[in-house]
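With the numbering used here, the residue at position 292 of the sequence shown is 549, and numbering never jumps.
By construction, the Cβ of each residue, glycine as well, lies at the ideal position given by its N, Cα and C atoms.
All values derive from a computational prediction rather than experimental measurement.
Below you'll find the structure, written out as structure tokens, and then a few comments.
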Amino acid sequence: MIDQTRRKLILHSTATALVGFTAFPAIAQDTLGSPDWNYEIVLGGGSATGNSRVLAGALGKIITENVQGVRASGAVSPGFDAESAIHTHEGAWHGGVGTPLTIQNAVKGVAPFPSEGIGLNLWFYHNEVPLNVLARTDTGFTSIADLKGATVALAPKGTSNYQLSEIVFADNGVSIDDITVRYMDTSEAISQLQNGNIDAMSYVRDFSGAVLELTTSREVTLLQPTEEASAKIAEQLPWSGPVDWPFVKEYPGMNVPAPGQVFVSPEFMFLDSDLPNDLVYAMTRAVWENIETVNRSSKVFENVNLQEALKRVPIPPHPGALKYYKEMDVPGWEEYQDLLPSE
């Protein structure tokens, strides 16, 4: 059991809103868990209106209904994965939705995270979101390398959005000092690009009605990496692709030069490394045996499936989850077999 003085498995009820199920249901005798367990698990999502919050709530529902002795909830996390990682370090939460660069920094102890690092493990991969490097077509830009001297909207420093853009730009020969940066959120950037107030924007974003509207009111181009840059980034960030632009049909008015590729930021669930293996095994099995609850929760998650649980792995998987992945022969488990809990 976890040291209860530091990592109490309790519901942290502060000003942060909780989403999900907080009452023990009647549980069948053949379900997972134990009548001796008395765990309360909190998983961080994103903003109150985001898909990550929906996912955390769906997972809480599954675990509460299918693992005896466990009550689980999703928590609204305006600071997204950075906030979830900090709360996990403090022992108030027990994991959340993450992106690679932020969570890797948390594990390594890169500021603003504690210098000793935070013990976190991968639970499962669930989807990936492309980096949209978009420019007004009237700039004549077709490549990311063309951005030197341009006015570009970026997310605030320290965010995974910003970090990925900075790396992709640098490997295409464009430093942050080479551009005029306007820091703003994605919605504002779309509006500013639409109004012609900026030359380009670079944000991790899933399919968006706002981007679709942008492409119908102004000609925009999806800027491409150079072949050399693609090779560099793939080596530096093996989880990032590149992949073919996934929204060709969704954005028919967007100009997409050859080769039509983008980099992606995987999104995954992470867990506190100190969570007991038997608890995580039970949670993992419950989730995948009831994954249709996640699939129905949002269109974004309709294709989440067990075979891709280890598709892109930025941090090592939790041993308790890995035990289940071995049993189900999930592709990629062998790479981490040294982490398997002893029988």
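C-beta contact flag for residue i and residue j at 8 angstroms
i, j, result
"V390", "A543", "no"
"V468", "R462", "yes"
"E524", "E385", "yes"
"L377", "V364", "yes"
"V557", "P387", "no"
"P509", "T399", "no"
"I375", "D428", "no"
"A349", "V299", "yes"
"G317", "W294", "no"
"I416", "D529", "According to the sequence displayed, residue 416 carries Thr and not Ile. No, Cβ-Cβ distance for T416 and D529 is not below 8 angstroms."
"L494", "L471", "no"
"M526", "H383", "yes"
"P533", "L379", "no"
"R328", "E297", "yes"
Which listed residue (the options) has its alpha carbon closest to that of residue i
i, options, result
"G352", "S304, P514, D338 and P576", "D338"
"A578", "A410, A515, F381 and T416", "F381"
"L358", "A329, D434, P576 and V570", "V570"
"W545", "L494, S422 and N562", "N562"
"T483", "N512, N418, Q518 and F504", "Q518"
"E565", "G303, Y582 and A446", "Y582"
"S304", "S432, A332, F464 and Y296", "A332"
"F464", "F527, S555 and E297", "S555"
"I320", "S334, A486, L289 and G302", "L289"
"P413", "V438, N362 and K405", "V438"
"T443", "P503, L567 and Y460", "Y460"
"S330", "Y440, G302, N452 and A457", "G302"
"S497", "N418, G466 and D531", "N418"
"D531", "Q420, P369, E347 and S422", "E347"
"M585", "L567, D595, L596 and S599", "L567"
"D535", "V500, L597 and P503", "L597"
Cβ-Cβ separation, residue j to residue i (assumed contact under 8 angstroms), whole Å
i, j, result
"I455", "V409", "7 angstroms"
"V431", "L404", "5 angstroms"
"A407", "I436", "5 angstroms"
"I433", "E423", "6 angstroms"
Practice task
Determine contact between the region 472–488 and the region 392–400, defined as no fewer than three beta-carbon pairs at a distance below 8 angstroms.
Solution key: yes
Problem - Three CB pairs or more closer than 8 angstroms across the region 547–556 and the region 310–327 - result: yes
Handout entry: the region 529–541 in contact with the region 576–594 per 3-pair CB rule at 8 angstroms
Key = yes
Problem - Contained beta strand (DSSP E) runs [length at least 3] in the region 504–584, N- to C-terminal order - result: Correct list: 521–529.
Problem - Entirely enclosed alpha helix (DSSP H) segments - the region 309–355, minimum 4 residues - result: If we require 4 residues or more, the alpha helix (DSSP H) runs fully inside the region 309–355 come out as 337–347.
Problem - Sequence ranges, alpha helix (DSSP H) only - wholly within the region 474–498, length at least 4 - result: 484–493
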